[in-house]
Every structure is written in C-alpha cells, then in structure tokens.
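Peer 1: Here it is, the structure, as structure tokens.
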Amino acid sequence: MEFQKDNTFFTGRLKSVGFALKGMIKLITTEHSIMVQTSIGVLMIIGGFYFDISTTEWVMQTFAIGMVLSIEGLNTAVEKIADFIHPEYHEKIGFIKDIAAGSVFFAALTAIAVGCLIYIPKFL
100 MEFQKDNTFF
110 TGRLKSVGFA
120 LKGMIKLITT
130 EHSIMVQTSI
140 GVLMIIGGFY
150 FDISTTEWVM
160 QTFAIGMVLS
170 IEGLNTAVEK
180 IADFIHPEYH
190 EKIGFIKDIA
200 AGSVFFAALT
210 AIAVGCLIYI
220 PKFL
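Residue 100 is where the sequence shown starts when you use the working numbering, and the numbers rise one by one after that.
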C-alpha cells in the first residue's frame, strides 16, 4: 500500500491530528520516562486545584508540564532514530543521545523551579 498525501485542507489537518494523537498515546503507553513525567504532571494539576493556584500560576505550570513532555518526546524520537541507524554502541551516537537527554534535564530543572515558585509559598 502506497502512502498518498491528502491535499485537502480539512481532511489533511484532521489526519495530522490523528497521527499526533496516535504518537502521544504511543509515548504515554510505551515509554517509562513519559509515564513518570505524565504522572508527575497529573499530580501537579491536582495540586493546582487543591491549592487554588492563580491564573498566572496555572499558565506557568501548564507551560512547564507541556515543555517537559514535549522535549521528552523529542528525546525519545532522537533515541529511536539513533538506535535504528546504529543499533550497536557508537561514541558519536552516544554523544547525540546524551545531548538530547541533557535537553530534557534542562526542561525538568525549569519545571522544578516553576513548581517550587508556585508551591513552596503555599506551605509556608
């Protein structure tokens, strides 16, 4: 079966959303790091309702959760492509994968800072 691009605006966009949802579900159901980060995100959302955080705090929290999950998804894609191209260990592939993981670490540190800025005052 050959892939044929859908050039119509509406159905083409609808198919794109379908592919994106399929990818999101694959990430959440198969990748342990995304499972953990999604769980933490859900806990933070519950905490937001419990502590009745402000609209600005919701925006910051939502952005932080989305950023971590998005960059983790990109990291997973980089790792999968690298493993497909070169299944055995290779120093340059390892370097690329480490950089991608470092990007997730930056995002996670930022999300932790946002969480601390929002929730530490609630406890004090």
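Backbone N, C-alpha and C define an ideal beta-carbon position, used for all residues, glycine too.
Since the model is a prediction, treat every value here as computed from it, not as a measurement.
Return the chain-ordered list of same chain residues with a C-beta closer than 7 Å to the C-beta of residue 171, the five sequence neighbours on each side being excluded.
Peer 2: 132, 133, 136, 203
Peer 1: With three or more beta-carbon pairs closer than 8 Å as the criterion, would you say the region 187 to 197 touches the region 145 to 164?
Peer 2: Segments in contact, no.
Peer 1: At which residues does the alpha helix (DSSP H) containing residue 183 begin and terminate?
Peer 2: 154 to 184
Peer 1: How close, in whole Å, do the beta carbons of residue 126 and residue 161 come, if the pair is a contact with beta carbons under 8 Å?
Peer 2: So it is not a contact: roughly 18 Å between Cβ atoms.
Peer 1: Nearest-angstrom Cα distance between residue 130 and residue 219?
Peer 2: 30 Å
Peer 1: Do residue 198 and residue 181 have their beta-carbon atoms positioned less than 7 Å apart in this structure?
Peer 2: no
Peer 1: Is residue 188 helix, strand or coil when you go by DSSP?
Peer 2: coil
Peer 1: Taking residue 206 as the reference, which of 114, 115, 169 has the closest Cα?
Peer 2: Out of 114, 115, 169, 169 has the C-alpha closest to the C-alpha of residue 206.
Peer 1: Quick one: Cα of residue 211 to Cα of residue 121, how far?
Peer 2: 28 Å
Peer 1: Go ahead and pull the three-state DSSP assignment for residue 151.
Peer 2: In this structure, residue 151 counts as coil in the three-state DSSP scheme.
Peer 1: Please list the terminal residues of the continuous alpha helix (DSSP H) segment that includes residue 223.
Peer 2: No alpha helix (DSSP H) holds residue 223; DSSP gives it neither H nor E.
Peer 1: Look at the Cβ atom of residue 217, then the Cβ atom of residue 178, and state whether they are nearer than 7 Å.
Peer 2: Contact annotation: residue 217 and residue 178 have beta-carbon atoms that are not nearer than 7 Å.
Peer 1: Skipping 5 residues on each side, what residues in its chain have a beta carbon closer than 7 Å to that of residue 143?
Peer 2: 160, 164, 214
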